[in-house]
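Notes follow once the structure below has been shown.
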Amino acid sequence: GGYVVGKRELVKQCAYRLTAPGLDKSCGPSMFSNRLTAQGLFYSPKVVGEALKGAVYTSRMMEKFGFEVKPKFDEKRSDIVTAAILRDKDALICFCKGIQEAGPVDSHVQPEPSAMPGYDCQVIMAGGSFIQGSSIELSADGPLREPYTVYIQGGLNFAHVKLGIMSGLQALIESGKLA
């Protein structure tokens, strides 16, 4: 099982968040969602740790290959996103395709730049993930405008982040965008 402990009011706020405001612990069993919620609480520290390790690894590897990154591997982080400035439109597209190829789902899909609401230019998004749009799973995206920055985030496990980053870099090497 999973437990939430602390001050009564804070525990109640957690219960409201896990169910609905006003229901908290009085809503009774709810089939499979309690198990999945407890499983999420159980696994979340490990998954977040893996994503953080992956973010540090990503910063270091991209920097080693000559890209400017933010934040650097040894700088304080406030989230799991690493920005790498690729300075080339085709390099951005190529790197994202390499990330997609390493995905556990839809690895055969080729991401293509397209229009997206809220952007004044095309955007490419790669993320062969179990849950589309999940920010904790490995993904890479970026707007097709200078300085052609790719935003890399997530990773359910460190091994997948390493595989994804190596796949993205390999795609750059094979395309001649990286020596």
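At position 107 of the sequence shown the residue is numbered 111 (this note's numbering), and the sequence of numbers has no breaks.
Ideal Cβ placement from N, Cα and C applies to all residues, glycine included.
Just curious, the beta strand (DSSP E) that residue i is in, first and last residue?
| i | result |
| --- | --- |
| Gln157 | Thr153 to Gln157 |
| Met129 | Val127 to Ala130 |
| Ile89 | Val85 to Ile89 |
In three-state terms, what does DSSP make of residue i?
| i | result |
| --- | --- |
| Ala42 | helix |
| Val109 | coil |
| Lys74 | strand |
| Leu142 | coil |
| Ala183 | coil |
| Pro147 | strand |
| Ser118 | strand |
| Ile97 | helix |
| Pro49 | helix |
| Arg64 | helix |
| Ile135 | coil |
What's the C-alpha gap between residue i and residue j?
| i | j | result |
| --- | --- | --- |
| Asp145 | Pro75 | 17 Å |
| Ser171 | Met66 | 12 Å |
| Glu54 | Gly44 | 15 Å |
| His164 | Ile177 | 20 Å |
| Ser118 | Ala130 | 12 Å |
| Glu72 | Val85 | 14 Å |
| Ala87 | Arg81 | 12 Å |
| Gly168 | Gly26 | 43 Å |
| Met3 | Ser48 | Shown here, the chain extends from 5 to 183; a query on residue 3 therefore has no answer. |
What residue range is occupied by the uninterrupted alpha helix (DSSP H) comprising residue i?
| i | result |
| --- | --- |
| Ser171 | Phe162 to Ser179 |
| Val9 | Taken as a continuous stretch (DSSP letters only), Val9 belongs to no alpha helix (DSSP H), as it is neither H nor E. |
Whose C-beta lies closer than 7 Å to the C-beta of residue i among residues of the same chain, with five residues either side of it excluded?
| i | result |
| --- | --- |
| Phe69 | Leu173 and Leu182 |
| Arg149 | Cys125 |
| Arg91 | Pro151 and Tyr152 |
| Leu96 | Leu90, Ile128, Gly146, Leu148, Tyr152 and Val154 |
| Asp78 | none |
| Cys98 | Ala175, Leu176, Ser179 and Lys181 |
| Pro115 | Cys100, Lys101, Gln104, Ile128, Met129 and Ala130 |
Identify, in the order they occur along the chain, each residue of the same chain with its Cβ nearer than 6 Å to the Cβ of residue i, setting aside the five sequence neighbours on each side.
| i | result |
| --- | --- |
| Asp110 | Gly132 |
| Gly10 | none |
| Gly180 | none |
| Gly58 | Gly159, Phe162 and Val165 |
Only counting the same chain, and skipping five residues up and downstream in sequence, which positions put a Cβ closer than 8 Å to that of residue i?
| i | result |
| --- | --- |
| Lys93 | Leu148 and Tyr152 |
| Ser139 | Ile84, Gln157 and Gly158 |
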